[in-house]
Each structure stands twice: as structure tokens, then as C-alpha cells.
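In what follows, a single structure is set out as C-alpha cells and then discussed.
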Amino acid sequence: MKKILKIISSVKGAESKSTQLADAVIEKLIAQYPGSTVKVKDLLKQPYEHFHEGHLKVYRGMGDVAPEIAAGVEKISEEAINELMSADIIVIGVPVYNFHIPSTLKGWLDHVMRAGKTFSYASGQKEALVNDKKVYLAVASGGVYSEGPMQAYNFVVPYLEASLGFIGMTDISTFWAEGCDMPGYKETAL
Ligand SMILES: Cc1cc2nc3c(=O)[nH]c(=O)nc-3n(C[C@H](O)[C@H](O)[C@H](O)COP(=O)(O)O)c2cc1C
1 MKKILKIISS VKGAESKSTQ LADAVIEKLI AQYPGSTVKV KDLLKQPYEH FHEGHLKVYR
61 GMGDVAPEIA AGVEKISEEA INELMSADII VIGVPVYNFH IPSTLKGWLD HVMRAGKTFS
121 YASGQKEALV NDKKVYLAVA SGGVYSEGPM QAYNFVVPYL EASLGFIGMT DISTFWAEGC
181 DMPGYKETAL
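Under the working numbering, the first residue of the sequence shown carries the number 1, and numbering increases by one thereafter.
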């Protein structure tokens with residue numbers, strides 16, 4: 001029995017290929033671990049603020065900020081981090097938008113990748129603090145990146161492996177529905 005955190009970052013609702021792919025992964029996980037729970041985090045419905053000066057001051061201790069603002073910022077970040085920490089498996093639906101991850105997903109990362117919370121340099125060396133997680137990336141793209149001329153434009157998976165890995169989530173498996181908008185591919189992409 002596992003605690004699964006499903007993160008949605010598509011804007012397409014039920015039509016989303018990345019969400020459908022994430023659901024297919026979760027279906028298999030539930031078959032493998034009967035009784036597992038799934039917490040759904042839809043970043044379209046619950047977007048995180050773009051990183052701003054107030055976050056910098058609170059997260060990095062770089063300047064004074066009014067206590068009530070600091071408390072609000074801290075609460076949102078703590079909740080996101082606690083949600084991540086309490087999951088065993090994280091399944092992230094990732095549409096490719098303009099060669100990168102959706103800004104909502106980057107927004108979430110900006111609030112969970114925090115010194116002293118999810119990584120630390122306290123010992124003089126970088127220590128990752130989000131350990132023992134399994135991550136599945138369910139990627140959907142209009143184009144094809146596994147072969148052909150667009151191969152060099154695959155920034156999404158290396159970026160997520162680097163950023164999630166930085167805070168300790170190194171056990172990452174990727175499923176990728178590619179060519180979702182290309183005739184000849186889209187019919188069987190999923
Ligand atoms: C704003 C926008 C930008 C996109 N940029 C890219 C891109 O850079 N590369 C690509 O292969 N597909 C791109 N696409 C196509 C999507 O990746 C494709 O439709 C995919 O199915 C999106 O995932 P979703 O169905 O989960 O939303 C873009 C789509 C949108 C709406």
C-alpha cells in the first residue's frame with residue numbers, strides 16, 4: 001500500500017494526454033499495491049505564485065518582510081513540502097510547452113526546492129533531503145524527441161531529472177507519449 005501523489009500540470013483537463021498517461025501509470029501502481037491512496041494536485045486549479053522578492057526574503061533569509069506576509073508564504077511552501085514528503089510515489093503529468101515544462105510546474109518547484117527544507121548545505125556539502133521516493137514522469141509532446149531533428153530540444157526530461165534529483169528524487173522512470181499532434185504518430189502516441 002503506497003501513498004501516491006499525482007501532479008497535473010496540463011491546461012487541457014480531461015483531454016490532456018499527460019494526465020491520461022499519468023492515470024495509466026497510477027492504474028498499474030494500484031494493481032501492484034492494492035489499497036494505495038491517490039492525492040491529486042492540479043496545478044491549474046491550485047497555481048503557485050511566481051517567485052518574487054517576498055519569497056526570496058523568506059526562503060533565503062535575504063531581508064526583512066512583514067510577519068503576516070512571511071507567515072503566509074511559509075504556510076504555502078510548508079504545505080507543498082509536507083505533501084511531497086508524505087508521498088511514497090509521485091506521478092507527474094508533464095505536457096511539453098514551448099520546449100519546457102509548464103510554468104505552473106516550475107512554480108511548484110520554486111516553492112519546494114528550499115535550502116534547509118528539501119536540500120541543505122549545512123554540512124558544507126550538498127545534502128538532498130527528499131529521500132526514498134519513486135517518481136514517474138508522464139510526458140506528452142506534440143512533436144517527436146526520441147529520434148530525428150528535434151532530439152537536441154529535449155530539455156524537459158533532463159531538467160526534471162536534474163531538479164528533482166537535486167533534492168533527492170533520483171529514482172525516476174519516464175513514460176513519454178510523443179507526436180501527440182502529428183499525423184502518423186498521434187493515433188498511437190498514448
Ligand atoms: C502553448 C503550447 C506550447 C506547446 N509547445 C510544444 C513544444 O514546444 N513542443 C512540442 O512537442 N509540443 C508542444 N505543444 C504540444 C503539446 O505538447 C501537446 O499538445 C501535448 O499533448 C500537451 O500535453 P497535454 O495533452 O497533457 O496538455 C505545445 C502546446 C501548447 C498548448
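Don't be surprised by glycine CBs; every beta carbon is placed ideally from N, CA and C.
Check: Count the other CB atoms within 10 Å of the CB of Met62; is the residue buried (16 or more) or exposed (fewer)?; Outcome: exposed
Check: Would you identify the three-state DSSP class for Leu29, choosing helix, strand or coil?; Outcome: helix
Check: To the nearest whole angstrom, what separates the beta carbons of Asp212 and Lys41, a pair I think is in contact under 8 Å?; Outcome: The structure shown does not extend to residue 212, since the chain is modelled only from 1 to 190, so the question has no answer here.
Check: When the Cα of Ser146 is compared with those of Ser173, Thr174, Glu178, Gly165, which residue comes out closest?; Outcome: Glu178
Check: Helix, strand or coil for Tyr185? Go by DSSP, reduced to three states.; Outcome: coil
Check: When you compare the CB positions of Val112 and Ala22, do they come within less than 9 Å of one another, or not?; Outcome: no
Check: Using alpha carbons as the reference points, say which of Gly124, Gln125, Leu137, Phe119 lies closest to Asn131.; Outcome: Phe119
Check: In this structure, how does DSSP classify Leu5 when only helix, strand and coil are distinguished?; Outcome: strand
Check: Note down the Cα distance separating Gly143 from Asp181, rounded to an integer number of angstroms.; Outcome: 7 Å
Check: Where do the N-terminal and C-terminal ends of the alpha helix (DSSP H) with Pro95 fall, by residue?; Outcome: That residue, Pro95, is in no alpha helix (DSSP H); its beta strand (DSSP E) goes 89-95.
Check: What span of residues does the alpha helix (DSSP H) with Leu192 cover, start to end?; Outcome: Since the first residue shown for the chain is 1 and the last is 190, residue 192 is missing from the structure and cannot be characterised.
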